[in-house]
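As numbered in the working numbering, residues 233 to 623 make up the sequence shown, in order. Just so you know, even glycine gets a beta-carbon here, dropped at the ideal spot from N, CA and C. The next block holds one structure in the form of C-alpha cells; read it before the comments.
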Amino acid sequence: MLNGKNILIGITGGIAAYKICDLIRRFKKNGANVKVTATPNALNFVTKLTLQNLSQNEIYVEEFDIKEWKPEHISLADEADIMLIAPATANTISKISNGIADNLLTSIACAFSKKMIIAPAMNCNMWNNPAIKENIRVLKSRGAEILEPESGFLACGYTGKGRLCSVDKIYNSVVEALNYSDKLKGKKVVVTSGGTVEDIDPVRYISNYSSGKMGFSIANSARDMGAEVTLITTKDFDAPYKIIKVKSAIDMQDALNSEFDTADYVIMAAAVADYRVKNYSEQKIKKTDSENLTLELVKNPDILKSLCEKKSHQIVVGFCAESENLLENAKEKISKKGCDYLVANDISRSDIGFSSDDNEVTILDKSGNIKKLEKASKRVIARKILEYLNE
Ligand code: C5P
C-alpha cells in the first residue's frame, strides 16, 4: 500500500515516543521508506538503536553532523513525501509555528513545504494553554493537519485531554494523505458548509444541527488535490485557503454569487434553512400573556437551483439529507434542482452524518448513475466524492 512512499517522522521528547516504534514498524511492513529525525530529548524516551532497527535507516539528530554536501535539513525535507511529527510536544509545536529552527527536526520542519501531519501529546493544562492553542491555530491555518490529542489518563498523573491519539488514527491519516492526486490543479473549487442561521430578533434564531464538517473536509481534500479553494461557511475553521464567513441563507447566496463565475466546481454541502422569519424584530420579542406566539416564515431562495439555472462551465454538486426513501427523494431532487451531481445522506442513522466524523453517502448524477460510498471518515468520503467527479 505504501510502496515507494517516503515518510519522514519527527519524534520529540514526550513519553508517547515509545508508541511511534510500533507505527514505524507498520509503515515499513506496508512498503514505505521511513526516515526518522528525533530531538535530543526524544532519545531520553526511545533509543537511537531501536529507531534505527525499526526504520532500517540512520537516525538523524544533530544538525551539524553533515555527511553529504547538501545539509541534511534540506535533503531530508526534499526527499520526503510527507512529514509526520509525533508525538509533538508543546515546545516543538510552538517553535515550528513561529519558524524557529534551533535543532535538526525544527529546521527540517521550517524547510518543509509538502503535507505535514502533527500529533500533539502533552499535559492537559499545557494543551489548554492559550499560547499553545494559538500556535495550533496558526499551524492549521497554514495547512498542517493536526491530529487532536485524546482525553484520558495521562502519564503525568492528570486525567484530561492530552494523550497522543491512537497509532491507528495516525497510521490511517498518513495513508490517507498519501492517497491524494493533483487532479484539481488549476481548478477553482467553491464549497459551502454549516447550517445557516436565520435571526428572529437580536437574541434568537432558527438553525439546524449541521456541524459543517463534511463541507470542511471537502474543502481540505480539494486543496490537497491542488485546487484553489474558497469555503463559504457559517462555522469557524482555520485553513490555508479563502474562507468567507456567512450567517444567513441570503448572506450565503451573496457570497456564492460573487464566487460563481470564476468557479469550476461548486459543492453545496451547507444545510441552508428553507425558511426565514418574514419580519425580523429589531427589539427582543417580549413574552406576553398569550399561550401562543406565531412567527410568520417566508421561503429562502433555493440557492442551488438558482445557480444551476445560470451555470455555464461549472460542475454544480448539491447535497441532500433524507430521513426516509433516500433514493426516491434524491432522484426527484436532482431533476428539480438541475445540478450535475447530488450527494444523498441518510440522516435516520445516528452513526453517520451531522456532528459525526464519519459518513456514508450515495452519489447520483443527472444521467441516472448511482454510486454508493461505504461508511468512512468524512475526510475519506470527501476525497472519494472529488475523485468521482473527476472520473
Ligand atoms: O431542498 P433541500 O434542502 O433538500 O436541498 C439540499 C441542497 O440544496 C443542498 O445542496 C443545499 O445546500 C441546497 N439548498 C439551497 N438553498 C436552499 C435550500 C437548500 O441551495 N434554500
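beta-carbon residue i near the ligand C5P non-hydrogen atom, thresh 7 Å
| i | result |
| --- | --- |
| Met-500 | yes |
| Val-504 | yes |
| Ile-535 | yes |
| Phe-448 | no |
| Cys-540 | no |
| Ala-322 | no |
| Thr-424 | yes |
| Phe-586 | no |
| Phe-344 | no |
| Asn-532 | yes |
| Cys-562 | Just to set this straight, residue 562 is Ala in the shown sequence, not Cys. No, Cβ of Ala-562 sits at least 7 Å from all heavy atoms of the ligand C5P. |
| Phe-551 | yes |
| Lys-598 | no |
| Ala-471 | no |
| Ala-451 | no |
| Ala-481 | yes |
| Lys-467 | no |
| Lys-445 | no |
| Lys-510 | no |
| Lys-543 | no |
| Lys-565 | yes |
Cβ-Cβ distance between residue i and residue j below 8 Å
| i | j | result |
| --- | --- | --- |
| Asn-440 | Ala-481 | no |
| Asp-583 | Asp-590 | yes |
| Asn-411 | Arg-615 | yes |
| Gly-447 | Val-423 | yes |
| Val-293 | Pro-272 | yes |
| Met-500 | Gly-427 | no |
| Thr-338 | Gly-245 | no |
| Gly-182 | Ala-333 | Residue numbering for the chain in the displayed model covers 233 to 623; residue 182 lies beyond these limits and cannot be assessed. |
| Ile-252 | Ala-387 | no |
| Pro-352 | Ile-325 | yes |
| Ser-453 | Arg-581 | no |
| Ser-398 | Lys-467 | no |
| Leu-336 | Glu-311 | no |
| Lys-401 | Leu-371 | no |
| Asp-496 | Ile-547 | yes |
| Leu-574 | Glu-592 | no |
| Leu-559 | Thr-594 | yes |
| Val-407 | Leu-234 | yes |
| Asp-433 | Ser-490 | no |
| Lys-543 | Lys-569 | no |
Exposure of residue i, with buried meaning 16 or more beta-carbon neighbours within 10 Å
| i | result |
| --- | --- |
| Phe-344 | buried |
| Glu-304 | buried |
| Thr-526 | exposed |
| Pro-381 | buried |
| Val-498 | buried |
| Arg-374 | exposed |
| Thr-279 | exposed |
| Arg-369 | exposed |
| Asp-521 | exposed |
| Val-435 | exposed |
| Asn-367 | buried |
| Asn-276 | exposed |
Contacting residues, own chain, Cβ-Cβ under 8 Å from residue i (five flanking each side not counted)
| i | result |
| --- | --- |
| Glu-430 | Tyr-437, Ile-438, Ser-439, Ser-480, Ala-481, Ala-505, Tyr-507, Arg-508, Val-509, Asn-532 |
| Asn-511 | Glu-528 |
Same chain, Cβ closer than 6 Å to residue i, five either side skipped, listed in chain order
| i | result |
| --- | --- |
| Gly-173 | Since the first and last residues shown for the chain are 233 and 623, residue 173 lies out of range. |
| Ser-287 | Ile-256, Val-266, Val-268 |
| Thr-391 | Phe-385 |
| Met-348 | Met-315, Ala-376 |
| Leu-283 | Val-268, Ile-291 |
| Ile-476 | Ile-464, Ala-487 |
| Gly-394 | Met-354, Asn-355, Cys-356, Trp-359, Pro-381, Leu-386 |
| Ile-317 | Gly-242, Ile-350 |
| Asn-262 | Met-233, Leu-234 |
| Lys-474 | Thr-462 |
| Ser-442 | Gly-426, Gly-427, Ala-503 |
| Glu-460 | Lys-420 |
Bridge partner(s) assigned by DSSP for residue i
| i | result |
| --- | --- |
| Thr-428 | Thr-428 is not bridged to any residue. |
| Gly-392 | Gly-384 |
| Arg-436 | Asp-433 |
| Phe-551 | Val-575 |
| Gly-242 | Thr-269, Ile-317 |
| Lys-474 | Thr-462 |
| Glu-560 | In DSSP, Glu-560 forms no bridge with anything. |
| Ser-609 | Asp-590 |
| Tyr-512 | Partner(s): none; Tyr-512 has no beta bridge. |
| Glu-377 | Ile-349 |
Sequence-distant residues of its chain with Cβ nearer than 7 Å to residue i (five each side left out)
| i | result |
| --- | --- |
| Ser-555 | Ile-579, Ser-580 |
| Gln-485 | Pro-533, Ile-535 |
| Ser-609 | Asp-589, Asp-590 |
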